[in-house]
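Engineer: In short: position in the sequence shown from 1, add 1, done, that's the numbering used here. A virtual CB, placed ideally from N, CA and C, is assigned to each residue, including glycine. One structure follows; several queries about it will come next.
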Amino acid sequence: MFRSPSLRGFLAKIVPPRFNEGWGTWHAKIYGVDDEVIISGLSTKPGAEPHSYQQENYFLDWPDPQTHPHEIHVKAQEALSAFQLSQRTIHGIQIPSSSNNLDSNDVLLFPIIQAGQFNIREEESALSLLFRNLHASEGRPAEQRRPLIDLTSGYFGLYVAYQNLVLANDVTTRIIAASPKANGFYGSKGISGRIPEGYTLLEQQFMTAVKRAGRLWKQGTGVQLTEWEKDGWTYHAKGAHFYA
């Protein structure tokens with residue numbers, strides 16, 4: 002079972018489950034490595050409180066007995082960086098210099114890796130590039146559609162760098178997050194039952210920053226933050242959709 006290598010020693014013994022996610026989480030469901038595929042997942046036990054899970058379809062051998070799992074940072078960074086370089090070299094992807102060179106049916110796919118603990122930050126670079134390009138297109142003719150970004154995350158803890166991108170750009174941005182009742186921790190026992198309130202506080206702080214930046218939603222532009230709620234459901238969607 003994955004646990005962040007940053008959480009070790011005495012802290013690893015005293016930090017309880019659910020709270021240890023603060024040091025790093027891993028939510029991948031399918032892992033593909035050459036000719037091998039490992040499938041993993043989480044399923045809730047009937048009648049269990051939120052975040053009380055049983056593991057299923059779980060199989061993995063530690064490949065390097067000379068390196069302790071708590072000390073994998075350098076090795077993981079080297080392996081991921083080598084993989085990225087090899088894929089760029091093998092496929093030699095040529096990005097069109099202009100959208101005019103693209104057919105209307107063309108779709109460009111760019112798999113990216115984000116592993117901040119191992120200093121691999123492709124997602125951050127990609128999103129920063131998209132924000133900058135959308136910002137540059139703000140001066141387009143009025144008859145053309147304005148750039149728009151839709152962001153969603155079940156737990157609203159928008160990374161500070163992403164918050165800064167939203168606040169510093171003029172691109173219209175809509176954000177959807179779980180309401181307290183749609184939060185997976187809602188109704189759980191103990192102090193973790195207060196976690197939804199913490200995310201509400203983060204939302205309030207973010208919207209205060211939006212107001213300070215003069216980006217409050219008005220007449221279809223600015224920054225809009227809404228909460229998703231449906232009786233008996235939780236919300237865990239994550240992603241971003243860019244319209245240019």
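Looking only at its chain, what residues have a beta carbon closer than 7 Å to the beta carbon of V167, apart from the 5 residues adjacent to it on each side?
Structural biologist: If you number the sequence shown from 1, residue 167 lands on position 166. Once the five neighbours on either side are set aside, the close Cβ partners of V167 are T174 and V224.
Engineer: Indicate the three-state DSSP secondary structure (helix, strand or coil) for H69 in the structure shown.
Structural biologist: What you label residue 69 is simply residue 68 of the sequence shown in a count that begins at 1. In this structure, H69 counts as coil in the three-state DSSP scheme.
Engineer: What is the DSSP secondary structure of Q206, counted as helix, strand or coil?
Structural biologist: Position 205 of the sequence shown holds residue 206. Helix, per DSSP.
Engineer: Name the DSSP beta bridge partners of F243, please?
Structural biologist: Counted from its first residue, the sequence shown places residue 243 at position 242. BP columns for F243 point to I150.
Engineer: Can you name the start and end residues of the beta strand (DSSP E) that I177 belongs to?
Structural biologist: Reading the sequence shown from its first residue, position 176 is the one you call residue 177. Here the beta strand (DSSP E) through I177 covers T173 to A179.
Engineer: For D232, which option in G185, A241 and E79 has the closest C-alpha, if you only look at C-alpha atoms?
Structural biologist: Position 231 of the sequence shown holds residue 232. The residue with the shortest Cα to Cα distance from D232 is G185.
Engineer: Measuring straight from C-alpha to C-alpha, what distance separates L86 and T209?
Structural biologist: As a working mapping, residue 86 is identified with position 85 in the sequence shown. As a working mapping, residue 209 is identified with position 208 in the sequence shown. L86 and T209: Cα-Cα distance of roughly 41 Å.
Engineer: For I114 versus E123, is the C-beta spacing smaller than 8 Å?
Structural biologist: If you number the sequence shown from 1, residue 114 lands on position 113. If you number the sequence shown from 1, residue 123 lands on position 122. Yes; because the gap between Cβ atoms is below 8 Å, this pair is in contact.
Engineer: Can you tell me which of the three DSSP states A116 falls into?
Structural biologist: Residue numbering aside, residue 116 sits at position 115 when the sequence shown is read from its first letter. Three-state DSSP puts A116 in a strand.
Engineer: Which same chain residues end up closer than 6 Å to I177 when comparing Cβ atoms and leaving out the 5 residues on each side of it in sequence?
Structural biologist: One-based indexing of the sequence shown puts residue 177 at position 176. Within the same chain, I177 has close Cβ partners T153, T227 and W229.
Engineer: Figure out for me which residue from F157, N120, G117 and Y163 has the closest Cα to the Cα of L131.
Structural biologist: Taking the sequence shown and counting its residues from 1, one reaches residue 131 at position 130. Comparing Cα positions, the closest option is Y163.
Engineer: Could you tell me if A238 is buried or exposed, where buried requires 16 or more neighbouring beta carbons within 10 angstroms of its beta carbon?
Structural biologist: As a first step, residue 238 is located in the sequence shown; it is residue number 237 there, counting from the start. When all chains shown are included, A238 counts as exposed.
Engineer: Excluding five sequence neighbours on each side, which residues of the same chain lie with their C-beta closer than 6 Å to the C-beta of N120?
Structural biologist: Along the sequence shown, one-based indexing puts residue 120 at 119. Correct list, in chain order: Q78.
Engineer: Thinking C-alpha only, which one of L203, A183 and L217 is nearest W234?
Structural biologist: The sequence position of residue 234 within the sequence shown is 233, counting from 1. Looking at the Cα atoms, A183 is the closest of the given residues.
Engineer: Just the Cα atoms here: how many angstroms apart are S129 and V16?
Structural biologist: Mapped onto the sequence shown, residue 129 falls at position 128. Mapped onto the sequence shown, residue 16 falls at position 15. Rounded to whole angstroms, the gap between the alpha carbons of S129 and V16 is 34 Å.
Engineer: Would you kindly report the start and end of the unbroken beta strand (DSSP E) that includes Q225?
Structural biologist: Position 224 of the sequence shown, counted from the first residue, corresponds to residue 225. V224 to W229 is the extent of the beta strand (DSSP E) around Q225.
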